[in-house]
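In the numbering used here, the protein residues as written are 21 to 459. Think of the CB as a built atom: it goes at the ideal place given N, C-alpha and C, for glycine as much as any other residue. These figures come from a predicted structure and were not determined experimentally.
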């Protein structure tokens, strides 16, 4: 059964949410792609350094944010990441280049874990829409920069300023398209006394909370002590007229913790319980790591040195980027048609791509660039397929209460792979340029 069998809301609302998540994916990754496409113009011969600036802030954000992000309402997250995305284009266009790339990286990383978490409140087709949108971001970003600089002839600075307003569509999509309808989660509000005893006959069921303002209610919230996995709308429910505090429980949780449990111990228990969730995710994280390591070592360390007659380094790099992004878009949009459960297979194939293209960059045995284009397209297919199928398998196998955290953590794996690929590329590209006498 495909993801679209999960549509359980009115068709217009489903359509709005699909469009909303597609646009979120499209423009969340737009700046990231644009700056990678412009890497040779931003710092010629140092696309690996640009990739580092484009990925390390994302990695740091994803490492830290899952442990506190649940306290930040989604609307505020969207405002922050949209503002950062808009500012990044202005900084790069003003030649504060790497600072702008860093800001775009933060925005993309914060956006990814935000919207993957948001999708956990909705049917599975929204995750498919998000993945398709991120793939479309690659095509849109690569075509936009290639068209403005190579086909129209604008400078890099003018081209970046021309597309700089587009990230505002992230906020438009979130506040206008995304509806308040979502997978219903049965949440029971049980008033409790100051001593922690349940008040009798006062349960209230609420099953229509909007995730737009959702925050996780943690154990140490004074107004709403909880078990750390249930989500409630902001603001919290009105306190009972008898002065009782509110405890939030869900069907799948055990009994509340004993009253009087020290706050520090409760926080530490939650922290380590989240770490315990990482082990079952390793079968998804390891393939993602290797696929993205080889993928970005090719993109930033090798592709600019795969030059042919009539195709200089700057020009061919942009066309390679376009072919790669088309492959990513196709594969990220295909999970409903061709799901893959053995996601380690693309990692092995991506390693073969890396070895082949490294040999080509060193020995130049392929006579025509048009033979390399399909290989770069295939590289993009493998990377996109691994990403979307990993997220799909998590959605299928991880319980609702752990899914938001799990989707955010698994997305770390590709960023670690990209970061190590960027470090590799800094040295690999310079070595290949010297060997081939490319300036």
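Residue 69 and residue 31 have their C-alpha atoms roughly 46 angstroms apart. Straight across, the Cα-Cα distance linking residue 134 with residue 149 is about 15 angstroms. Taking a cut-off of 8 angstroms for Cβ pairs, the region 121-129 and the region 47-61 touch, as three or more such pairs fall below it.
Residue 328 is bridged by DSSP to 331.
Here residue 382 carries a helix assignment [DSSP, helix/strand/coil]. For a cut-off of 8 angstroms, the C-beta gap from residue 96 to residue 188 is around 16 angstroms, too long to register as a contact. With a beta-carbon spacing of about 4 angstroms, residue 405 and residue 351 fall inside the 8 angstroms limit used to define contacts. For residue 74, the number of other beta carbons within 10 angstroms of its own is at least 16, and it is reported as buried. A Cβ-Cβ separation of about 6 angstroms places residue 410 in contact with residue 363 under the 8 angstroms criterion. Using a C-beta cut-off of 8 angstroms, the region 388-398 makes contact with the region 325-337, since at least three inter-stretch Cβ pairs fall below that distance. Secondary structure note for residue 362: it is in no alpha helix (DSSP H), with a DSSP letter that is neither H nor E. By the Cβ test, the region 152-160 is in contact with the region 38-58, since at least three Cβ pairs between them sit closer than 8 angstroms. Per DSSP, reduced to three states, the secondary structure at residue 159 is helical. If you ignore the 5 residues before and after residue 345, its C-beta comes within less than 6 angstroms of the C-beta of 158, 159 and 162, all in its own chain and listed in chain order.
Between the alpha carbons of residue 385 and residue 130 lies a distance of about 42 angstroms. Here residue 430 carries a helix assignment [DSSP, helix/strand/coil]. Excluding the 5 residues flanking it on each side, residue 117 has same chain C-beta neighbours closer than 6 angstroms at 62, in chain order.
With distances taken between CA atoms, residue 370 lies nearest to 318 out of 458, 318, 111 and 108.
Residue burial annotation: residue 451 is exposed, with fewer than 16 other C-beta atoms found within 10 angstroms of its C-beta. Within the same chain, 82 come within 6 angstroms of residue 432 by CB-CB distance, once the 5 residues on both sides are set aside.
The Cβ atoms of residue 449 and residue 338 lie no closer than 8 angstroms to each other.
For residue 405, the uninterrupted alpha helix (DSSP H) run begins and ends at 389-417, by DSSP.
In the structure shown, residue 459 falls within a coil segment according to DSSP collapsed to helix, strand and coil.
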